[in-house]
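In the order they appear, the protein sequences are chains A and B.
Going by the numbering used here, the first residue of the first sequence is number 1, and it counts up by one from there.
Going by the numbering used here, the first residue of the second sequence is number 491, and it counts up by one from there.
Single-structure report; data block below.
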Amino acid sequence: MNDPSKVNLKRVVIDPVTRVEGHGKVSLLLDDDNQIHEARFHIVEFRGFERFIEGRPYWELPMVVQRLCGICPVSHHLAAGKAIDQLAGVSELSPPAEKLRRLLHWGQSLQSHALHFFHLASPDLLFGFESDVRKRSIVSVIESHRDLALKGVKIRKYGQEVIKAITGKKIHGMAVLAGGMNRALTTDQIKQLKIDIKDIINWTEEALVLVRKLYLSDIALHTKFAKADSAFLSLVDKDGTLDLYHGGLRIKNADGSILHDHYDYSNYTQLIKEQVKSWSYMKFPFLIERGPQTGWYKVGPLARINNCDRIDTIKAESYRQDFLAHSEDALVHPPLAFHWARMIEALYCAEAIAKMLDDPDLCSGDLMRRGEKQLEGIGVIEAPRGTLFHHYKINENDQVTMANLIVSTTSNNQAMNESVRQVANTYVSGRELTPELLNNIEVAIRAYDPCLSCATHAVGKMPLQVELLNSVGETVARCSRSSETGFNVE
Amino acid sequence: MTIDIKNPSFLLDGEEVPFTEGQTVMEAALTAGSYIPHLCFHPELQAHGSCRLCIVESDNRLHASCTLQANSRLKVSSQTQAINKMRKHIVQMLFVEGNHICPSCEFSGNCQLQAMAYELDMEEGHFHFRYPKREQDASHNDIFLDRDRCINCELCVRASRENDAKNVFSLGGRGTETHLCANSASGKLGDTSLDVSDKAANICPVGALLINDQSYVTPKEDRVYYQTSISLRGNRRPKEIE
Ligand code: SF4
């Protein structure tokens with residue numbers, strides 16, 4: 001080993017079994033005294049995508065890319081859709097088409113946030129990070145908080161119904177065309193969606209009140225847990241209002257000052273670069289002007305709620321103000337506040353859906369616009385997990401020659417590493433390895449809701465392997481965890 | 491069975507199927523509303539007998555029903571377990587031979603190969619996927635030739651010759667290298683006289699010839715085989731649906 005600082009290190013690897021969309025594992029590099037030398041969160045994602053799409057006609061993009069992610073396919077469908085609008089030379093959609101897309105996006109964000117909160121985050125928050133792993137699951141939530149769990153299922157289902165009405169299917173539907181949408185809603189569909197929306201708003205608000213209460217119940221712990229202060233990046237609309245579908249990029253520094261505002265995302269390559277690290281398949285985006293060391297930033301609900309000046313729905317806006325009022329700093333940085341911000345957004349989505357369902361444009365047949373073909377298209381959207389960039393180039397024959405995606409989870413990559421390092425140093429260093437200590441790391445990662453459900457979503461069910469490796473790569477100890485056998489040390 | 495010379499018929503799976511002089515078993519069966527699975531047959535074009543999905547058994551021999559002349563002595567079996575198993579294997583071979591990415595394919599729901607797979611209860615490829623590298627042709631302004639999907643049925647070849655009087659297509663290569671060629675000096679579709687309104691451009695059963703600005707325009711639930719099987723719907727292109 002050439003690096004003298006890495007002599008006599010052990011490595012702890014938390015390695016969940018992979019699945020198609022992504023693969024995450026946590027490595028803790030320990031020294032002889034069990035002090036954390038380095039913490040790394042590895043992800044494999046979207047490999048081979050660029051090759052797969054090469055030579056395909058560009059109008060296939062929204063259909064193809066959504067298949068690469070089973071977690072937020074609608075976001076990819078829409079981001080690719082915005083990019084191919086540009087390829088088709090359409091800079092402005094017909095109002096009905098844009099409204100349908102926005103409605104679709106709210107449905108997607110609502111169901112994604114509901115899934116994350118009720119199934120994944122609430123067990124951590126309700127039962128504590130170091131509680132028995134078998135207790136920290138949705139099954140336990142259903143047993144002890146039946147009403148809450150059922151409402152969670154219904155909110156998610158409602159979001160999926162919105163998606164189905166617009167795309168024909170709950171997942172992997174088909175709606176977005178270059179320059180518009182392929183169908184309007186019928187009055188029957190709208191009538192159907194209106195039936196439950198009041199309940200959905202109320203239940204989402206209940207969940208928001210609960211997450212707020214849980215967060216504030218141990219504010220000392222929750223504000224310092226896994227803290228990784230950074231700049232925030234998100235879209236805002238032209239007057240600074242929260243907008244998940246379109247807008248300019250706003251970047252706020254960690255101290256709350258604005259670094260960039262209404263930045264045209266078509267120029268994102270001048271703003272953001274991605275660094276490659278040998279130990280991870282996932283790139284590390286950074287702000288070019290700050291460089292890779294300090295230029296990392298966070299995206300997602302926490303970034304959006306911190307960045308926007310207002311939310312244009314009544315309830316969500318009052319909760320946003322309340323959220324900010326609880327921070328001593330100019331911005332709210334703790335990763336666990338992601339959960340709170342996420343539910344403010346969920347409430348916003350529910351309220352926005354209710355408003356939109358009254359708009360007669362949803363049934364209009366004016367769905368398509370045409371334009372002069374362009375050879376490059378960039379589509380950016382606020383996916384549930386954060387800003388999502390889709391960038392394509394095509395040749396004269398409409399075939400894709402270049403594809404570049406920066407997915408939300410990638411943008412939070414460095415922040416997650418910082419959080420893991422912070423948690424590892426606070427909770428693991430100097431203590432024996434126990435499942436609860438490892439759970440703390442997972443709780444930190446889960447706050448970011450990264451797009452790799454196996455690694456972070458199926459806690460307590462997924463088989464986990466932890467290996468201790470010495471500096472020459474020999475396994476000195478190994479432990480594992482599975483739902484059948486629990487935690488075992490070999 | 492008594493033979494009625496004035497109203498001749500043959501037996502298909504035990505049912506009498508009337509025919510007229512010169513009809514094949516396939517033609518007579520389709521006229522009578524009895525479906526025999528097929529992909530390369532089209533009632534307006536010369537029979538080809540290449541896809542072999544329309545095999546039927548008669549006198550302990552297998553025949554392509556699209557080329558088998560109907561006669562009154564015939565007793566033909568089509569819907570038997572053994573024959574459908576063979577058909578399923580043929581469809582599986584067609585799938586593994588090309589690159590059929592149904593989930594994101596524009597033609598999904600309209601595709602006769604996909605519909606045939608459902609019809610025959612195909613649940614997996616069974617054979618080793620070949621993942622061939624096939625050249626795409628995007629040179630035409632209105633039509634994209636996606637050879638990944640092509641099953642070499644020659645419907646477009648025949649339609650261009652017999653219907654459009656153009657001869658835009660032919661098959662080239664041999665064995666597994668067989669592929670659809672555009673008959674132009676450059677070999678590019680854009681340099682042929684193919685027009686978007688030609689029968690040849692609108693006959694492909696698998697969407698290997700796609701009209702560019704029609705892609706994904708039809709919602710899933712409005713597609714030909716979204717709810718109805720191919721044996722009930724017949725081999726239809728989207729525009730042929732009433
Ligand atoms: S392009 Fe279509 S119609 Fe022509 S040979 Fe291939 S599969 Fe048959």
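Ideal placement from N, C-alpha and C gives every residue a C-beta, glycine not left out.
Examine chain A for any beta-carbon lying closer than 7 Å to the beta-carbon of residue i, and answer yes or no.
i                      : result
residue 628 of chain B : yes
residue 614 of chain B : no
residue 729 of chain B : no
residue 689 of chain B : no
residue 706 of chain B : yes
residue 710 of chain B : yes
Run through DSSP, which three-state label would residue i get?
i                      : result
residue 172 of chain A : coil
residue 404 of chain A : strand
residue 502 of chain B : strand
residue 385 of chain A : coil
residue 612 of chain B : coil
residue 690 of chain B : helix
residue 534 of chain B : coil
residue 680 of chain B : helix
residue 546 of chain B : strand
residue 217 of chain A : helix
residue 252 of chain A : strand
residue 641 of chain B : coil
residue 717 of chain B : coil
residue 319 of chain A : helix
residue 541 of chain B : coil
residue 460 of chain A : Here residue 460 of chain A scores only 37 on pLDDT, less than 50, and its place in the model should not be relied on; the value that follows carries that caveat. Coil, per DSSP.
residue 455 of chain A : For residue 455 of chain A, the predicted structure reports a pLDDT of 30, less than 50, and the residue's modelled location is therefore unreliable. The matter cannot be settled from this model.
residue 708 of chain B : coil
residue 103 of chain A : helix
residue 29 of chain A  : strand
residue 297 of chain A : strand
residue 725 of chain B : coil
residue 290 of chain A : coil
residue 781 of chain B : Because chain B spans 491 through 732 in this model, residue 781 of chain B falls outside it and cannot be assessed.
residue 534 of chain A : Residue coverage of chain A in this structure runs from 1 to 490, which leaves residue 534 of chain A outside it and unanswerable.
Tell me, please, whether the CB atom of residue i is closer than 7 Å to any CB atom in chain B?
i                      : result
residue 93 of chain A  : no
residue 379 of chain A : no
residue 86 of chain A  : no
residue 64 of chain A  : yes
residue 96 of chain A  : no
residue 55 of chain A  : yes
residue 491 of chain A : Any question about residue 491 of chain A goes unanswered here, given that chain A covers just 1 to 490.
residue 101 of chain A : no
residue 67 of chain A  : yes
residue 343 of chain A : no
residue 356 of chain A : no
residue 59 of chain A  : yes
residue 89 of chain A  : no
residue 104 of chain A : no
residue 168 of chain A : yes
residue 185 of chain A : no
Throw me the rounded Cβ distance for the residue i and residue j pair, which I believe falls under 8 Å.
i                      : j                      : result
residue 93 of chain A  : residue 369 of chain A : 6 Å
residue 96 of chain A  : residue 362 of chain A : 7 Å
residue 343 of chain A : residue 216 of chain A : No, residue 343 of chain A and residue 216 of chain A are not in contact; Cβ-Cβ is about 13 Å, not under 8 Å.
residue 331 of chain A : residue 256 of chain A : 5 Å
residue 284 of chain A : residue 275 of chain A : 4 Å
residue 251 of chain A : residue 233 of chain A : 5 Å
Is it the case that the segment 176 to 196 of chain A contacts the segment 308 to 325 of chain A, given that we only count it when at least three CB pairs across the two stretches are under 8 Å? Result no; under three Cβ-Cβ pairs closer than 8 Å.
Using a Cβ cut-off of 7 Å, which residues of the segment 620 to 650 of chain B contact any Cβ in chain A, in chain order? Residues of the segment 620 to 650 of chain B whose Cβ lies closer than 7 Å to any Cβ of chain A, in chain order: 626, 628, 629 and 634.
Within 9 Å of chain A by C-beta, residues of the segment 565 to 597 of chain B in sequence order: Those residues of the segment 565 to 597 of chain B that come within reach of chain A (Cβ to Cβ, closer than 9 Å) are 591, 593, 594, 595 and 596.
Contact residues within the segment 231 to 251 of chain A, judged by C-beta distance below 9 Å to chain B: Within the segment 231 to 251 of chain A, no residue has a Cβ that lies closer than 9 Å to any Cβ of chain B.
Evaluate contact between the segment 667 to 676 of chain B and the segment 701 to 712 of chain B, counting only Cβ atoms and requiring at least three cross-stretch pairs below 8 Å. Counting Cβ pairs under 8 Å, fewer than three are found: no touch.
Report yes or no: do three or more beta-carbon pairs, one from the segment 191 to 201 of chain A and one from the segment 343 to 357 of chain A, lie closer than 8 Å? Yes, the segment 191 to 201 of chain A is in contact with the segment 343 to 357 of chain A.
Touch test, the segment 600 to 609 of chain B against the segment 619 to 636 of chain B, Cβ-Cβ under 8 Å, three pairs minimum: Result no; under three Cβ-Cβ pairs closer than 8 Å.
With a cut-off of 8 Å, do at least 3 Cβ pairs link the segment 384 to 393 of chain A to the segment 75 to 83 of chain A? The segment 384 to 393 of chain A makes contact with the segment 75 to 83 of chain A: 3 or more CB pairs, one atom from each, lie closer than 8 Å.
Report the residues of the segment 395 to 428 of chain A with a CB closer than 7 Å to any CB of chain B, ordered along the chain. With the criterion set as a beta carbon lying under 7 Å from some beta carbon of chain B, the members of the segment 395 to 428 of chain A are 397, 398 and 399, in sequence order.
With a threshold of 8 Å, are at least 3 pairs of Cβ atoms found where one atom belongs to the segment 292 to 310 of chain A and the other to the segment 155 to 170 of chain A? No, they do not touch.
So does the segment 589 to 597 of chain B actually touch the segment 534 to 554 of chain B, counting three or more Cβ pairs closer than 8 Å? In the pairwise beta carbon analysis, the segment 589 to 597 of chain B is classified as not touching the segment 534 to 554 of chain B: fewer than three pairs are separated by under 8 Å.
Counting pairs of Cβ atoms below 8 Å between the segment 560 to 570 of chain B and the segment 503 to 520 of chain B, do you hit three or more? Yes, the segment 560 to 570 of chain B touches the segment 503 to 520 of chain B.
Which residues, in chain order, does the segment 283 to 307 of chain A contribute to contact with chain B at a C-beta distance below 7 Å? So nothing in the stretch comes that close.
Taking three-plus beta-carbon pairs below 8 Å as touching, is the segment 396 to 411 of chain A in contact with the segment 224 to 232 of chain A? No, the segment 396 to 411 of chain A does not touch the segment 224 to 232 of chain A.
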